[in-house]
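With numbering that gives the first Met the number 0, letter number 130 in the sequence shown gets 129, and the count goes up by one each step, no holes.
Presented below is the structure to which this report refers.
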Amino acid sequence: MTPVMARLDSLHHYLVILITVITVVVMALLLYVCVRFRRSANPVPSKNTHNTLIEIIWTTVPIIILAFIFVPSKRLHYECLHSIGCAEDGVPVEPDMTLKIIGYQWYWNYEYPDQEIVYDSYMKQEENLLPGEPRLLAVDNPIVVPVNANVRLLITGGDVIHDWAMPAFGVKQDAVPGRLNESWFRAEKEGTYYGQCSELCGRLHGFMPIQVEVVSQEEYDAWLEVAANDIEAASQMMAALRGRTTMEVAENEQE
């Protein structure tokens with residue numbers, strides 16, 4: 000789980016509690032109205048047309064509730080979208096690395112601008128899967144990042160609108176042609192993480208998986224050295240380093 004995903008999880012729990020309270024109050028009011036104003040107890044209906052106090056209450060209370068939802072949601076929304084200048088415990092977070100992502104029909108293009116590494120990432124065909132690799136999720140050339148690194152994501156589309164979504168990281172950002180969207184993550188646990196394109200982008204939309212390898216700094220440096228000259232060899236080296244047949248996959252689940 001990343002810091003952003005942890006905050007999303009906390010916001011979810013907060014909203015569940017708030018919504019539960021609202022539901023209980025509304026159901027209690029409905030029950031009261033059904034009993035208090037039932038036909039048998041009120042054969043002559045009320046002639047009142049309005050009540051100023053009640054109207055003030057049912058206008059003010061929803062505004063207060065919306066404020067309690069808007070403030071934490073807006074703050075988290077800002078943190079999800081920004082890396083540079085994003086305040087975490089009052090301290091600005093600076094990126095340790097930048098990753099440019101371009102969505103195409105139907106594959107991803109990744110660029111490490113600081114290292115001048117560029118490559119395409121396609122879904123692996125079933126006959127090419129290694130033991131332990133999941134069908135429809137494994138790719139030939141995954142993203143590789145060091146653990147505990149602040150990774151800035153610059154995301155766009157090369158043809159139609161795509162969406163780079165990684166549930167475990169709390170990232171879901173549209174890849175829109177002509178627009179550069181920004182997001183970020185910091186993975187705090189080594190492992191393999193999977194995501195998918197989450198925007199309908201054509202007939203092979205369901206075959207645009209995302210694979211991120213979170214490794215130690217030493218493994219990342221070794222991968223960079225090889226990837227600078229041969230991305231396929233670097234991907235094969237990473238599969239061997241991670242012990243693909245015995246490695247415990249870090250699934251998109253919260254701990």
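All C-beta atoms, glycine included, are put in the ideal place defined by N, C-alpha and C.
Return yes when the Cβ of Y219 is within less than 8 Å of the Cβ of P141, no when it is not. no
Which runs of the beta strand (DSSP E) spanning at least 3 residues fall entirely within the region 174-211, listed in chain order? 180-184, 190-196
Y121 - DSSP class collapsed to helix/strand/coil: coil
Look at the alpha carbon of P166 and the alpha carbon of A27, and state the distance between them as a whole number of angstroms. 37 Å
Could you check how far apart the C-beta atoms of K99 and L153 are, in whole angstroms? I think they sit under 8 Å. 5 Å
If you drop the 5 nearest sequence neighbours on each side, which residues of the same chain put their C-beta closer than 8 Å to that of R6? L75, E78, G169
If I measure Cβ to Cβ from S197 and keep anything under 7 Å in the same chain, skipping five residues before and after, which residues do I get? D162, A164, K171
C-alpha distance - G201 paired with V117, whole-angstrom precision: 24 Å
For the region 121-133 against the region 171-187, do three or more pairs of beta-carbon atoms, one drawn from each stretch, fall closer than 8 Å, so that the two count as touching? no
Within the region 90-151, ranges of the alpha helix (DSSP H) (whole runs, at least 4 residues): none
Between the alpha carbons of V3 and N47, how many angstroms are there, rounded? 51 Å
Alpha carbon to alpha carbon, how far is T97 from P112? Give it in angstroms, no decimals. 7 Å
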